[in-house]
Structure formats: structure tokens, C-alpha cells
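The next block holds one structure in the form of C-alpha cells; read it before the comments.
Residue numbers (the working numbering): 289 to 594.
Written out as C-alpha cells, the structure is:
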């Protein structure tokens, strides 16, 4: 069977998770992705604005699944994956509401998937190069090798780079892989969900790849801080709570490689110092990061209680 025949045979479902979305941005995302996939599934995490009415007015080609409250990105992904499975999809393509794929993004990802599959490789997921329009600095694909963090900047568009994990938005995952690896860990709620899943898949022999020819715009964090000529993305204190809590929780897992814990732990310490010194409302950031560290150590997971 040719690659073209494989591409026609595979059915791809896009899963978009929304939470109080900006409807203009969501409309741009839907305009870009609906023509590229077999099904588009929106899982809404308890938004206050009327996403349902917007979807009805936008198109009738979308499956809409509202959740009663914000149950986290992992739960929303798992709900969307189950809907995709019930619609006979071969792949899911995950999206945040603030992402905007290029017109050929799905084709590029799927071509890479077919190529790797024909080579006998067990695929975890394939992801895109993304750029935050506010930063103009595409993050590299990364992989931990020994105690070194290797960064691949995609100097050649034809490169397909093996990585440890990919951000969830813009990642193409075979349903068959999810059946074998398992779904997203819902107790993480948000942050490190994609990292944990990618490393878990890697542990049992699956490989993730960054596809240098596949592009997407993606807003990363709130307005960045300019530091030593670089724009550093910064999230809210609440997001930093989840980031530090889930990182500590992940480091406690016996199956995770020690070298990966060390490399990522050093990054986490640097983030703590930076957010403590250079963010606005730094006391709030410090308080929430420390609370996240404590809850990670004591296994207080799920949504943070008010």
C-alpha cells in the first residue's frame, strides 16, 4: 500500500479543549483545522461563556461535549479520546484553544507518522514546531541525553527529530498507542500531563518525534518578561502551583529515569529563582510554588482546593 493510500485510510479526529475561550480566536482555529481532519471534537471545561451557542452558529460539523465544571486538561483529553474512538478514528490530534495550525500541518504530521510506521517504529506521538507571535522565537525540540539537555532548532525542514515528549497542543497520537500506554493522568489536572504521558510511552518502547516541517502558532503563558534580551514566558501563580506540584510528583515515580529527574529538577530550581525575583506579585508566585512543592511531596493532587 502506498503512503497516499495509507493517508486516505486513516481517520484523524481533532480534540479541542476550551475554557472561557475568546470566540474570535476559536473561530480562527476551527476555520484552520476543520478542513484538515475527519472529525472535530470540542470538550468544554465548564466555561462561563456560551460555547454551545457559538458552536451551533459556527458549523454543524463539530461534536460538542460540555463538562459541568473545569475538570482539567487531562480529563478533557480523555473524554475527547473516547469520543474519537467511538467515531472509528485512527488518530487524535490534540489542541489548546489558543493554537492556530498552518493549512498543511495535519498532512505533514501524518506523512511523518506513516513514514515511521512503515519503518517499524512504535509511535507515541508526533508534534509541531510552534511559535508564540509575541516572542518570535520558536522553542526547540528537546531530549535528555545523559545529564545533558539537547536542543534541536530545526535547521533543516525535512528533519524529524526524536524527543522525550511534546507539548499536547498540536500532537498527533495513534489511538492504538493510547490503548497500550493508557490515557492522560487526570489527577495532574494541568501541567506535566503531556510530559508524563510522553515519558510513560517512552518507558515501554514508544518513540515521540518533532516534525520540523509542521507549523503552528501557540500562545505560551501570559505576557512574557524581557530578561537579558530574551522574552521569558510566565504563567499565573496558580499555573505555577500546578507546574511545581506535578513536577515533584513526577520525580517521585520509580519508573522515571534518574538522569531525567536531575536535568528537569535543575530547570525547576532555575524557574523558582527566576519567578521569585522577576515576576510581578512575586510573593504570590513564591507562595503558590511552595504550596505546589508541598502538595507534590504529600500527594495532594487533582484540582487545587480554594
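Cβ atoms here follow ideal geometry from the backbone N, Cα and C, with glycine treated the same way.
- The Cβ atoms of residue 493 and residue 410 sit closer than 8 Å to each other.
- Assigned with DSSP and collapsed to three states, residue 436 falls in strand.
- By the Cβ test, the segment 390-408 is not in contact with the segment 465-478, since fewer than three Cβ pairs between them sit closer than 8 Å.
- With a cut-off of 8 Å on Cβ pairs, the segment 403-420 is in contact with the segment 478-490, counting three or more such pairs.
- A Cβ-Cβ distance of about 6 Å is found for the pair residue 379 and residue 460, placing them in contact under the 8 Å criterion.
- If you draw a straight line from the Cα of residue 362 to the Cα of residue 331, it comes to about 11 Å.
- A Cβ-Cβ separation of about 7 Å places residue 446 in contact with residue 501 under the 8 Å criterion.
- Within its own chain, no residue has a Cβ closer than 7 Å to the Cβ of residue 561 once the five positions on either side in sequence are excluded.
- Straight-line measurement puts the Cα of residue 397 at about 17 Å from the Cα of residue 408.
- Assigned with DSSP and collapsed to three states, residue 561 falls in helix.
- Residue 368: member of the alpha helix (DSSP H) spanning 361-374, first to last residue.
- With 16 or more neighbouring CB atoms inside 10 Å of its own CB, residue 389 falls in the buried class.
- In this structure, the alpha-carbon of residue 336 lies about 17 Å from that of residue 304.
- C-alpha of residue 383 to C-alpha of residue 368: approximately 11 Å in a straight line.
- Taking C-beta separations shorter than 7 Å and ignoring five residues to either side along the sequence, the partners of residue 457 in its chain run 382, 383, 384, 387, 506, following chain order.
- Assignment of residue 528 by DSSP, reduced to helix, strand and coil, places it in the helix class.
- In chain order, 329, 351, 353 place their CB closer than 7 Å to the CB of residue 371, counting only its own chain and leaving out the 5 sequence neighbours on each side.
- In summary, residue 306 is buried, with 16 or more beta-carbon neighbours lying within 10 Å of its beta-carbon over all protein chains present.
- In the DSSP assignment, residue 504 is bridged to 389, 418.
- If you check the CB distance, residue 472 and residue 529 do not come in under 8 Å.
- Annotation: residue 464 is outside any beta strand (DSSP E); the continuous alpha helix (DSSP H) that includes it extends over 463-469.
- Per DSSP, reduced to three states, the secondary structure at residue 340 is helical.
- With respect to the 8 Å criterion, residue 344 and residue 322 are not classified as neighbours on the basis of their beta carbons.
- Rounded to the nearest angstrom, the gap between the Cα atoms of residue 316 and residue 546 is 42 Å.
- Just so you know, the alpha carbons of residue 542 and residue 448 end up roughly 30 Å apart.
- For residue 484, no beta strand (DSSP E) segment is defined; the enclosing uninterrupted segment is the alpha helix (DSSP H) at 481-491.
- Where residue 519 is concerned, the enclosing beta strand (DSSP E) starts and stops at 518-520.
- For residue 315, the enclosing alpha helix (DSSP H) has its first and last residue at 311-321.
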